[in-house]
Amino acid sequence: MIYLCCYIASSIAFHQLFRFGQQKKTDVLSTAAVNYSVAAALTLAWYLIAGHGEVDRRLVVYGLCNGIVYYVSLPVLLRAYQLAGVGVTVAVLFTSNLSPVIIGFLLWDEPVTNMQWIALVLVPVAIFLVRPRDGGTGGSIKGGVKADILLVLLFVMGSVMMTTHKA
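In the numbering used here, the protein residues as written are 436 to 602.
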């Protein structure tokens, strides 16, 4: 539960800072690289302070995998913000939190509750219903096939990151 609260708080803070950086025309990719480096250093410190001893190579590989996928996903995220809008983009990215449930069920024989099955069935429908339609917003959001492709790509990238967290 503590992990979930920290994850939600840091995600909200990061996306707000990300948006602020875009508005101020800063180099968002450099800002994100610094953000990830600080997060990695804090995680390592927390791991060592908690008394886990030496660092496991498997954890380092997972961390590097997450870092690479995260950094590669940032330009996709920025473009998806423009084409699909911030709300839909963040919603799709956060639904990738459900991917570890599916992976855990398929690979590690973890049980899935009825409520998780219901959520897994309803998420694609909900995303389809909230995505912007061309010309339906009255603003500069275009949507369309490009936005859909970017959203699917973000979902896959988010799924990889969330599944490595679980592993």
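All C-beta atoms, glycine included, are put in the ideal place defined by N, C-alpha and C.
**Request:** Pull up the CB-CB distance for V556 and V547, whole angstroms please, since I reckon it's below 8 Å.
**Result:** Wrong, their Cβ atoms sit about 11 Å apart, outside the cutoff.
**Request:** Taking A601 as part of the alpha helix (DSSP H), name the residues at either end of that continuous run.
**Result:** Looking at the sequence shown, residue 601 is not Ala but Lys. Segment 579 to 601, the alpha helix (DSSP H) holding K601.
**Request:** Can you give me the start and stop residues for the alpha helix (DSSP H) that N532 sits inside?
**Result:** Segment: none, N532 is in no alpha helix (DSSP H) and carries neither H nor E.
**V490 to V580 span [Cα, whole Å]** = 44 Å
**Alpha-carbon to alpha-carbon, K460 and A485** = 39 Å
**Asked** From what residue to what residue does the alpha helix (DSSP H) around P510 run?
**Response** 492 to 519
**Request:** Grab me the residues of N501's own chain with a C-beta within less than 6 Å of its C-beta, minus the 5 sequence neighbours each way, in chain order.
**Result:** M596, T599
**Asked** Is DSSP giving H450 helix, strand or coil here?
**Response** helix
**Request:** Can you have a look at L563 and say buried or exposed, based on whether 16 or more other CB atoms are within 10 angstroms of its CB?
**Result:** The residue asked about is misnamed: residue 563 is Phe in this sequence, not Leu. Result: exposed.
**Request:** Buried or exposed for S465, please, with buried defined as at least 16 other CB atoms from any protein chain shown within 10 angstroms of its CB.
**Result:** exposed
**Cβ pair V525, H450 closer than 8 Å** = yes
**Request:** Please report the Cβ distance between V523 and V565, rounded to the nearest whole angstrom; I am assuming they are in contact, meaning their Cβ atoms lie under 8 Å.
**Result:** 6 Å
**Message:** Going by C-alpha to C-alpha distance, which of K601, L528, V521 sits closest to W543?
**Reply:** K601
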